[in-house]
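Comments concern the structure below.
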Amino acid sequence: MSNKVTKAIFPVAGLGTRFLPATKSVPKEIMTLVDRPLVQYAIDEARAAGIKEFIFVTSRGKSALEDYFDHAPQLEQELETKGKDKLLDVLKQTYMDSGEIAYIRQHKALGLGHAVWCARRLIGDEPFAVMLPDDVIAADKPCLQQMVESYEETGGNMVAAMEVPADKASAYGILDVQEDMGSLVSVKGMVEKPKAGEAPSNLAVIGRYILSPKILENLDAKTAGAGGEIQLTDAIAKEIGSEAGVYGYRFNGQRYDCGSKAGFLQATVAFGLSRDDLRDDLEAYLHEVVSARKAAQ
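So the sequence shown is numbered by the numbering used here: it starts at -19 and just counts up by one.
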C-alpha cells in the first residue's frame, strides 16, 4: 500500500434542497462565491495538496457539474480572438485532463458513509482524501495540504477539526480527545451529533478527511447510524485503538458552511473583501448598509 495521498472523493450527490428554487436546475456545487463555483475552491485545494485523481460521487441531475470541468473550444476561441488572455487563463484552470476525473452514481441517499463506499473500487488499497465542497476554507496554506503534511508524519486516519460553541455541537461529529498535542490530537472516541450537554469536547469534525482503505471495509457492513444514515464517522470510529489510529487536525484557516444560506452569504462577503478589485466598493456599500440600519433603529 502506498502512503502517498493522490486520490480524493468528492461526495456531491445531495439535492441542495436548502437552496431551492435555485438548485432545481443548478447543482449546488456550481453555485458561485463571487465568480468561482464552490467545487472549484475544493479542486484547487486538492491540487495544492498533491491530489492527482478526482472522484465525484454524483446523482441524477448533476450533468452541469460534469460539463463544468470539460473543455469549451468555442468559448476558448472567442477569448483568444478578442485577446482576453487573463480570462482565458481563468477558463483553462477549470479544465480536467482525460482520465484525471471520474464520476460514480449514488442511486439512493443513504448517507455520507454510503457515498464514500460507492467509490471503493476506484480507491483500491490506497489512502485517500474526502472533501466536502460545502465546507469552504480560507487559509494561507490550503487545509488539505496542511493535513497531508501532518499525515506524512503520523499515517493512520485523520479528520479536520475545529472548535465550536457548546450549543452548536449537536450539529457535528464531535471528537473525544485522548491526547492533545497542539495542532494534532489523538482520538479515543467520536460521537455523531451528540445531544445537548453530552458532547465529549468542543472539537467538531468538518469536511476534510484522510483515510486508510480499511475505512471502506468498515463501510461494507452498511450499518445505519445517526439519522438512519450510514455515517462515515462510525466507520472511522472503528479504527480507534487500532495500530493505525485516528487523529484530529486543528487546521489554520476560516471555515465557511456553504451548505447553509447564512454561511454562503458570509463566505461571499469574506471572499469579496479579499479581492483587490472588489474590496473598496464592497466595503463602502457595507458601511452604507450598516449606517442605514443604525439610523433606522
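Don't be surprised by glycine CBs; every beta carbon is placed ideally from N, CA and C.
Identity of the residues DSSP links to residue i by a beta bridge
i    : result
A140 : Y229
L164 : Y229
Boundaries of the alpha helix (DSSP H) in which residue i is found, first to last residue
i    : result
G243 : 241 to 253
K194 : 194 to 199
DSSP state of residue i mapped onto helix, strand, coil
i      : result
M(-19) : Confidence is the limiting factor: at M(-19) the pLDDT is only 47, short of 50, which leaves the residue's position unreliable, though a coordinate-based value still follows. Coil, per DSSP.
Q278   : Within the shown structure, residues of the chain are numbered from -19 to 277, placing residue 278 beyond reach of any answer.
E172   : strand
D260   : helix
K218   : coil
K(-13) : strand
A149   : helix
G91    : coil
L(-5)  : coil
A276   : helix
T213   : helix
E223   : coil
E178   : coil
Where residue i falls, given that 16 or more other Cβ within 10 Å makes a residue buried
i      : result
M(-19) : Per-residue confidence for M(-19) stands at a pLDDT of 47, beneath the threshold of 50, marking its modelled position as unreliable; the derived number appears in the next sentence. Exposed, because fewer than 16 other Cβ atoms sit within 10 Å of the Cβ of M(-19).
Q54    : exposed
P1     : exposed
D214   : buried
S181   : buried
V269   : exposed
Q234   : exposed
H267   : exposed
T203   : exposed
R259   : exposed
A272   : exposed
H87    : exposed
L155   : buried
Element boundaries [beta strand (DSSP E), containing residue i]
i    : result
E159 : 153 to 160
V185 : 183 to 191
D237 : 234 to 237
Checklist entry - For the stretch 0 to 84, which segments carrying the alpha helix (DSSP H) assignment without a break, of at least 4 residues, lie completely within its bounds, in sequence order? => result Qualifying alpha helix (DSSP H) stretches, in chain order: 18 to 28, 43 to 48, 53 to 61, 65 to 72.
Item to check | 3 or more residues per run - each beta strand (DSSP E) lying fully within the stretch 95 to 135 | outcome: Secondary structure remark: continuous beta strand (DSSP E) runs of at least 3 residues inside the stretch 95 to 135, in chain order: 108 to 111, 115 to 118.
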